[in-house]
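The numbering of the sequence shown is my numbering, which starts it at 7 and goes up by one. Here's the structure we're looking at; comments come further down.
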Amino acid sequence: MTTLATSPAARLPRGPRRRRARILRNAFLLLLTGLFLAPVGWALLSAFKTPVDIIRDPLVFDPTGFTLENFLRVLRDVPIASGFLTTAIVLVLKGGMTLFFAPLAGFAFAKYEFRGKSVIFGAVLVTLMLPTIVLIIPLLLEMKELGWVDTYQALVLPGSVDAFAIFWMRQVISAVPDELLDAARVDGCSEFGIFWRVVLPVIRPGVAGLGVLTIMNIYNDFVWPVVIANSDRMATLQVVLSTLAQNITGNRIGADYATVTGELLAASSLALVPLLVLFIALQKQFIAGILAGSVKG
């Protein structure tokens with residue numbers, strides 16, 4: 007009687023096989039993580055090198071040669087502090103409007119029946135198909151007629167409650183049991199009170215996930231701010247970064263390629279750190295919000 011040959015991996019007991027597969031999977035994921043983070047790490051470390059060292063030895067990192075020269079120069083030559091301030095103001099105002107009105111709209115679409123509900127919600131979803139560039143000219147003409155060009159109103163109000171946020175909140179709120187709402191009505195709670203006291207605590211993970219996405223979208227938004235902001239005072243951080251090289255060479259006569267590169271890396275590092283800190287601090291809420299938003303209503 008003959009027996010079939012088996013591989014060494016197949017002869018291992020189930021426990022060691024699972025452990026080996028888990029180790030290989032984790033090693034592969036660690037390798038991918040390293041590949042994705044390598045450019046970010048290189049940019050952060052290179053920002054602390056002298057301009058000459060960045061060009062001469064781009065892949066060598068000597069801790070004894072690290073300096074804050076690039077950061078001090080970029081803060082002196084470029085209005086990056088003003089860009090941070092403008093972006094922070096827009097984040098608070100626009101993000102606050104999104105996180106307040108989008109859940110209310112999602113609550114209405116998820117838990118109320120009214121005439122034209124499907125048509126209105128369909129129209130909201132249709133706007134998701136429109137590229138941003140299509141709306142630039144109509145919005146710019148509208149802001150001009152209102153006298154809002156180069157103002158905070160123009161930076162904050164357009165797109166403050168977008169279709170994606172409403173759709174996200176509608177999907178999340180659809181999973182809330184109707185029995186909770188009916189019990190609150192029996193207790194005499196108002197409709198807004200039901201939303202505020204019953205629905206909002208339940209959908210907190212979904213709101214947190216939407217908050218992270220909203221902050222990232224506003225923080226990285228470039229097309230609309232560069233069109234509507236004409237002055238340095240109203241320029242957001244991304245607009246400031248887009249004109250970084252011109253500002254550096256314009257504010258310092260004879261600025262060479264190495265100096266510009268060092269300041270570009272320093273400015274990019276300053277802009278990157280807030281998003282990294284935000285995502286690391288709120289990664290659990292973000293993942294929970296993603297899972298909550300994936301529930302089918």
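By construction, the Cβ of each residue, glycine as well, lies at the ideal position given by its N, Cα and C atoms. Keep in mind the model is a prediction, meaning the values are calculated, not measured.
Residue interval of the alpha helix (DSSP H) (run including residue i)
i, result
"Gly-112", "86-117"
"Met-149", "138-152"
"Met-222", "210-226"
"Asn-76", "75-83"
"Lys-123", "123-132"
"Pro-164", "Taken as a continuous stretch (DSSP letters only), Pro-164 belongs to no alpha helix (DSSP H), as it is neither H nor E."
"Ala-272", "263-287"
"Leu-243", "243-248"
"Pro-69", "No alpha helix (DSSP H) holds Pro-69; DSSP gives it neither H nor E."
"Arg-62", "57-62"
"Phe-173", "169-180"
"Ala-189", "184-192"
"Val-233", "229-234"
Residues of its chain near residue i, where Cβ-Cβ distance is below 7 Å and the 5 sequence neighbours each way are ignored
i, result
"Glu-197", "none"
"Phe-90", "Leu-243"
"Tyr-225", "Thr-93, Leu-97 and Leu-281"
"Gln-289", "none"
"Phe-107", "Val-167"
"Ile-286", "none"
8 Å Cβ shell around residue i - same chain, five flanking residues per side excluded
i, result
"Ile-142", "Val-229, Trp-230 and Val-233"
"Ser-274", "Ala-49, Ala-53 and Leu-247"
"Thr-8", "Low local confidence applies: a pLDDT of 48 at Thr-8 is under 50, so the model's placement there is unreliable, and no value is given."
"Leu-10", "In this prediction, Leu-10 has a pLDDT of 47, which is less than 50 and means its spatial position is unreliable; what the coordinates show is noted afterwards. Nothing listed; no residue qualifies."
"Val-301", "In this prediction, Val-301 has a pLDDT of 49, which is less than 50 and means its spatial position is unreliable; what the coordinates show is noted afterwards. Cβ within range, chain order: Gln-177, Val-178, Ser-180 and Ala-181."
"Ile-95", "Tyr-158"
"Thr-318", "Since the first and last residues shown for the chain are 7 and 303, residue 318 lies out of range."
Beta-carbon proximity list for residue i, same chain, < 6 Å, skipping 5 on both sides
i, result
"Gly-217", "Leu-105"
"Arg-26", "none"
"Pro-164", "Leu-145"
"Leu-30", "none"
"Met-222", "none"
"Arg-176", "Gly-112, Phe-115 and Ala-116"
"Leu-284", "none"
"Leu-186", "Val-204"
Inter-residue CB distance, residue i and residue j (contact presumed, cutoff 8 Å)
i, j, result
"Ile-86", "Leu-276", "7 Å"
"Gly-212", "Trp-174", "7 Å"
"Gly-3", "Thr-220", "Summary: the structure shown does not reach residue 3, with the chain confined to residues 7 through 303, and so no result is reported for it."
"Ala-3", "Val-130", "Not covered by the structure: residue 3. The range shown for the chain is 7 to 303."
"Asp-238", "Ser-88", "6 Å"
"Leu-278", "Val-84", "In fact, because the Cβ distance is near 16 Å, the residues do not count as touching under 8 Å."
"Phe-113", "Val-205", "6 Å"
"Ile-209", "Val-182", "7 Å"
"Thr-56", "Thr-73", "6 Å"
"Val-155", "Asn-76", "About 34 Å; that fails the 8 Å criterion."
"Ala-272", "Val-66", "Incorrect: roughly 18 Å between the Cβ atoms, too far for contact."
"Ala-264", "Val-58", "6 Å"
Any chain C beta carbon closer than 7 Å to residue i
i, result
"Arg-239", "No chain C is part of this structure, which consists of one protein chain only."
The segment 147-166 touching the segment 178-198, judged by at least three CB pairs closer than 8 Å = no
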